[in-house]
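Since the structure comes first, as structure tokens, the remarks are kept for the end.
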Amino acid sequence: MLGLGAVSFFTDVSTEMIYPLLPIFLAGVLGANASFIGAIEGAAETTASLLKLLSGWWSDRISTRKPFVVAGYLIASIVRPFTAATHSAYQVLAIRLTDRVGKGIRTSPRDALLADSAPPESRGLAYGFHAAADNAGAVVGPLVAFFILKLHGVGALDAGRRLVAADEQAMRNVFWLSAIPAAIAVIILVVVVQDVPRHDAPGSPGAIDEAGASLTRRFWGYLVVVLLFTLGNSTDAFLLLRANQLGVPVALAPILWALLNFVKAATGTYGGKLSDTLGRKPLIVGGWLLYAAVYFAFAWAGAPWQAWALFAVYGIFYGMTEGSEKALVADIVPRARRGAAFGWYNLAIGLGALPASLIFGWIWDKWGSPTAFGFGATLALVAAVLMAMVAPGRRSDTSVTAA
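All you need for our numbering is the position in the sequence shown, starting with 1, plus 112.
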């Protein structure tokens, strides 16, 4: 658990050096509009999610998960820094797709490996801690990017101004330097993280031959509701664009992103642990209701300070739901099908990601950002009501998944 946490920490340092600057780079340097930015992010996440299903299923069929995890992190770590060399939005799209191929290969096997490593009574804590480590890296990454930009004098850039050549070069330098923490993450993964021996692969006693044989109706119902919520949960790149629209300067975008991830990191472990005690439903439903409230507030915000406040509150939504949602998946499926279950879970999110971002960007371009945020908030409200009916009402029975 600690090794995987360290890997996620350094990977997110690398990723989040780039991510908060990417929508501004696309719009201010490469001339992409909101719809195309949404298409890039949606296509990238959908690609990742399709591969998450395949890699998760495949990791169930063999006796090891680590090779998938190593391959996925390695692909993403190699390709991500080359964002610095792009000169068109289509090149960024190609790099993002390749990056997400790596994520797709590693994520479901990694989530299943984490479930294999954690005792059932502490499963929420394990996923919450992993999310917190992930988000801690997402705090450090934007801060590193901010200081690099400051060294290049980008701090004086006003919101809404088109980037000049020096500003563009500063962002490209940030993208190149993201290769350093990515390399550290791969080294830790190869040297420190160990696979967990499993005896439930096909051919062993008790093995299940059909990939979906023991995925219950409760699991599929849960996935349908997750998909509905995801349709209103567009890429967070739009939050950064909205913050810039409200008057937050470009140079402060990494700091704003770091604030969001600081709150996510600070609340993630506690939120996961709380779901072990109170049950998954209160945390997930409450988090989705909070999401709806934040999106409604973004629709009507009118000042920079409101963007800062809303980003902080938005981080609590992640703390409540990131560990809880994954722990619920592990709760309601047997160990032999955890890889496939996480694959289907991630696929549901990915299938919703592309239309969610495309629809959100289209609404933004046609009717403005307040209408787009109102749409996302409304779908979150509906999904929260349905989740209250689908999710187990008590702390989940762990007898199904005990090793």
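Ideal placement from N, C-alpha and C gives every residue a C-beta, glycine not left out.
Local Cβ density within 10 Å of residue i, reported as buried at 16 or more and exposed below that
i	result
V406	buried
G265	exposed
I475	buried
M501	exposed
I299	exposed
K478	exposed
G480	exposed
L263	exposed
A495	buried
D321	Because the pLDDT of D321 is 39, which lies under 50, any placement of that residue in the model is unreliable, and the question is left without a value.
T328	exposed
V303	exposed
P293	buried
T483	exposed
P232	buried
V251	buried
L351	buried
L440	buried
W170	buried
L114	exposed
A465	buried
A277	exposed
A415	exposed
G143	exposed
V497	exposed
W417	exposed
Limits of the unbroken alpha helix (DSSP H) element including residue i
i	result
L263	R235 to L263
L225	A201 to S229
T328	Careful: T328 lies outside any alpha helix (DSSP H) and carries neither H nor E.
A363	Neither: A363 is in no alpha helix (DSSP H) and is coded neither H nor E.
G391	Run containing G391: none; DSSP gives neither H nor E here.
R450	R450 to W479
A439	P416 to D443
G140	L134 to G140
T198	Counting along the chain, T198 falls outside any alpha helix (DSSP H), and DSSP gives it neither H nor E.
S147	A146 to R173
P179	K178 to V191
S346	Unbroken run through S346: none, as it is neither H nor E.
P104	Nothing in the structure corresponds to residue 104, since the chain is present only between 113 and 515.
A118	L114 to I130
Beta carbon of residue i nearer than 7 angstroms to that of residue j
i	j	result
G380	S220	no
V362	I136	yes
H242	G140	no
V181	R208	no
Y185	R235	no
G216	A188	no
P366	F258	yes
L358	A442	no
G486	S147	no
L255	D388	no
A156	V338	no
L261	A282	yes
F287	I149	no
G196	R284	Checking the sequence shown, residue 196 turns out to be Ala, not Gly. Contact flag set, yes.
A377	A248	yes
V125	G253	yes
M432	L395	yes
F374	L402	no
F331	I444	yes
L422	F410	yes
Distance between beta carbons of residue j and residue i, contact taken as under 8 angstroms
i	j	result
D307	F121	With 8 angstroms as the limit, D307 and F121 do not qualify as a contact, their Cβ atoms being about 20 angstroms apart.
D172	A448	7 angstroms
G517	A160	Residue 517 lies beyond the range of the chain shown here (113 to 515); nothing can be said about it.
G168	G455	3 angstroms
G488	G344	4 angstroms
V119	A297	5 angstroms
V305	K178	7 angstroms
A424	L364	Not quite, the Cβ-Cβ distance comes to about 14 angstroms (not below 8 angstroms), so this is no contact.
G383	G435	6 angstroms
L335	Y457	6 angstroms
T127	R192	7 angstroms
S469	T342	In fact, because the Cβ distance is near 10 angstroms, the residues do not count as touching under 8 angstroms.
L340	L491	7 angstroms
Within-7 angstroms CB hit, residue i to chain B
i	result
N247	Structure shown: chain B not included; a single protein chain is present.
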